[in-house]
Structure formats: structure tokens, C-alpha cells
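Scroll down for the structure; my scribbles are underneath it.
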Ligand code: SF4
Ligand code: SF4
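Numbering (the working numbering), first residue to last: 216 to 460.
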């Protein structure tokens, strides 16, 4: 279990993790406004989540190396360990936000948050609060060719964030470009790993990708797993998945 994160008996997490990282962004950072142009007009500002927003706290929970290895073993469809990690970590993020919010309330600090997933336009498949973008503005990493944020702990894992009404010193911007493709045109493992060609050098077909994620969800349900496992992650298990471990 992650150091410093307490889970109660209601959240039976089996997934193992590496050390999480945390960053802070000024809620008035202009880059949040730019997301309305980059992602969608409906993309929220921190003040849409909490009117008195001062700071966005963003965190990354990296999967254990074994979870990453598991999803490298089978080429086409996601493996159960990865799918379970995805679902359990979403629950964990929700629990972290709830517990953190209760703790902050005792200190007189208001907070609010968006769920780590399922807050997106079902037709356009566009998120109304991009956890990865919030993490980038919070200095946690830089985007790679696979559209994941690559952090000092790699890119395989899940992001969460919480908005608070207390001003904290923003984190410095992430320095450097960890994606090998953006460094020198090499690697492209993420593109080679995509079983359906949804990720290419030219761009990303989110509809095609989501279809594969839904197929994986059905496969997991067919195995008897309850819940929504709309995930794939084959483009997230390349050399940038785990670093500094
Ligand atoms: S797999 Fe390679 S090319 Fe793709 S994001 Fe990671 S480092 Fe970049
Ligand atoms: S998550 Fe989407 S883009 Fe990535 S490998 Fe799977 S289908 Fe391709």
C-alpha cells in the first residue's frame, strides 16, 4: 500500500503501487483557461469546481512495476491485473479526496473535486476536467507521444486532483522532455503497441480507442468481474511507463 495513504475496510485495494507524487498549481494559472480552447469549451476552470478556488492539488499514483509488466504480456487486449488496477485506483482516488477533504475541513479549508473518470462527454469522449492537464500545470510531468503525462515516476498510473480555497506556493514547471520520440524521433513503442492503430504519429482516434476499451470492459465482465473496466493501456507500458524505480 502507498505510504501515507490510509484506506478503510470499505476499499479493498489489492493493487500495489510505487511512491506517489504531488504538485500544486495556482487556480488562476492562465493555462487552465487555455484548456477551454485546447480540450473543449466546456472544460471546467478550478472556480467551476470550487468558486473560491485558490490552489489545485494534483497527484499521481504510479502502478507497481508488476502491474505494468502484466499488461505487456498480452498484445491485443488488456489483462485483468491492469484492468483491476485501473478500477481500484479510481476508487482509491475518490477515497483520498474524501479523506483529504474531511481533514482540510477540520483546518477550516474548503475543498471540492471531480471524480477521476466518467466526467466526460459520452459522444465526443472529451473530459470536462482533464486530470492529466491539471497535473501538468501542477508541474508533475510532460506529455509524451502516448498522450500520457510522463512524470519522474513514469506514466503508468492514475491521476487525481482536489481544489482548495487556500493559497499555496505553486510547484515549479516540470523540466525536460522525457518522451524519447519528442527527444529524437525514436521509440514509438506506444504506437507499435496500439493493437488497433488508434494512436499514430499523426494523431489519436479517441472513438476507435474507446471502442477497444469497451471491448475490454466486456471481456472483464465475461470473466465475472463486476464494474466498468473500460481501459486498455497497451500504449502506457513502453519505456516511459516506469522510471526512477
Ligand atoms: S512509449 Fe516511447 S514514444 Fe511513446 S510516449 Fe513513451 S517514450 Fe514516448
Ligand atoms: S489505450 Fe487506445 S490508443 Fe492506447 S493502445 Fe489502447 S486502443 Fe490504442
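Where is the CB? At the ideal position from N, CA and C, for every residue including glycine.
Any heavy atom of ligand 2 nearer than 5 Å to the CB - residues listed: 409, 413, 414, 424, 427, 447, 449 and 450
Whole-number beta carbon distance between residue 246 and residue 352, since they are thought to touch under 8 Å: Position 137 of the chain shown holds residue 352. Position 31 of the chain shown holds residue 246. That pair is a contact at about 5 Å.
Residue 350 (DSSP reduced to helix, strand or coil): In the chain shown, the residue the question calls residue 350 occupies position 135. DSSP places residue 350 in helix when its eight states are reduced to three.
Cβ contact check for the stretch 245-263 and the stretch 354-362: 3 or more pairs under 8 Å: no
C-alpha distance - residue 223 paired with residue 314, whole-angstrom precision: For the purposes of this step, residue 223 is taken as the residue at position 8 of the chain shown. For the purposes of this step, residue 314 is taken as the residue at position 99 of the chain shown. With a pLDDT of 47 at residue 223, under the threshold of 50, the modelled position of this residue cannot be trusted, and the question is left open.
CA-to-CA distance, residue 456 to residue 231, given in whole angstroms: Position 16 of the chain shown, counted from the start, is the residue given in the question as residue 231. Position 241 of the chain shown, counted from the start, is the residue given in the question as residue 456. Cα to Cα, residue 231 sits roughly 15 Å from residue 456.
Residue 374: CB within 6 Å of a non-hydrogen atom of ligand 1: Taking the chain shown and counting its residues from 1, one reaches residue 374 at position 159. Result no, Cβ not under 6 Å from ligand 1.
Which listed residue (298, 257, 250 and 452) has its alpha carbon closest to that of residue 182: Because the chain in this structure spans residues 216 to 460, residue 182 falls outside the shown range and cannot be described.
Straight-line gap, residue 447 to residue 412 (C-alpha atoms, nearest Å): The residue you call residue 447 lines up with position 232 of the chain shown. The residue you call residue 412 lines up with position 197 of the chain shown. Cα to Cα, residue 447 sits roughly 13 Å from residue 412.
Cβ pair residue 404, residue 327 closer than 7 Å: In the chain shown, residue 404 corresponds to position 189, counting from 1. In the chain shown, residue 327 corresponds to position 112, counting from 1. No, the pair does not count as a contact, with Cβ atoms beyond the cut-off.
Reduced DSSP category for residue 365 - H, G, I as helix; E, B as strand; rest coil: To locate residue 365, count along the chain shown from 1; it is residue 150. Note: residue 365 maps to strand in three-state DSSP.
Beta-carbon separation (whole angstroms), residue 254 vs residue 348, contact threshold 8 Å: In the chain shown, the residue the question calls residue 254 occupies position 39. In the chain shown, the residue the question calls residue 348 occupies position 133. Indeed, because the Cβ distance is near 7 Å, the residues count as touching under 8 Å.
Cβ-heavy atom distance, residue 403 to ligand 1, below 6 Å: Within the chain shown, numbered from 1, the residue matching residue 403 stands at position 188. A heavy atom of ligand 1 is found nearer than 6 Å to the CB of residue 403.
Contact belief for residue 388 with residue 354 at Cβ below 8 Å, rounded distance in angstroms: Stepping through the chain shown from its first residue, residue 388 is reached at position 173. Stepping through the chain shown from its first residue, residue 354 is reached at position 139. Right, their Cβ atoms sit about 5 Å apart.
Three-state secondary structure (DSSP) of residue 414: Within the chain shown, the letter at position 199 stands for residue 414. If DSSP states are grouped into helix, strand and coil, residue 414 belongs with the strands.
Nearest-angstrom Cα separation, counted from residue 395 out to residue 402: Sequence index remark: in the chain shown, residue 402 carries index 187 (1-based). Sequence index remark: in the chain shown, residue 395 carries index 180 (1-based). Roughly 6 Å separates the two Cα atoms.
Residue 355 beta carbon near ligand 1 (any heavy atom closer than 6 Å): On the chain shown, position 140 is the one that residue 355 refers to. Answer for residue 355: no, Cβ out of range of ligand 1.
Supposed contact pair residue 346 and residue 277 - C-beta distance, whole angstroms, cut 8 Å: Here residue 277 refers to the residue found at position 62 when the chain shown is read from its first residue. Here residue 346 refers to the residue found at position 131 when the chain shown is read from its first residue. So it is not a contact: roughly 14 Å between Cβ atoms.
Span of the beta strand (DSSP E) around residue 275: What you label residue 275 is simply residue 60 of the chain shown in a count that begins at 1. It spans 270-277 - the beta strand (DSSP E) in which residue 275 sits, taken as one unbroken run.
Whole-angstrom distance between residue 424 and residue 431, CA atom to CA atom: For the purposes of this step, residue 431 is taken as the residue at position 216 of the chain shown. For the purposes of this step, residue 424 is taken as the residue at position 209 of the chain shown. Near 11 Å, if we compare the C-alpha coordinates of residue 424 and residue 431.
Backbone CA spacing between residue 272 and residue 257 [nearest angstrom]: Along the chain shown, read from residue 1 onward, the residue named residue 272 stands at position 57. Along the chain shown, read from residue 1 onward, the residue named residue 257 stands at position 42. The straight-line gap from Cα to Cα measures roughly 21 Å.
Same chain, Cβ closer than 8 Å to residue 288, neighbours up to 5 away in sequence not counted: Against the chain shown, residue 288 aligns to sequence position 73. By the criterion of a C-beta distance shorter than 8 Å, residue 288 is surrounded in its chain by 294, once the five residues flanking it on both sides are discounted.
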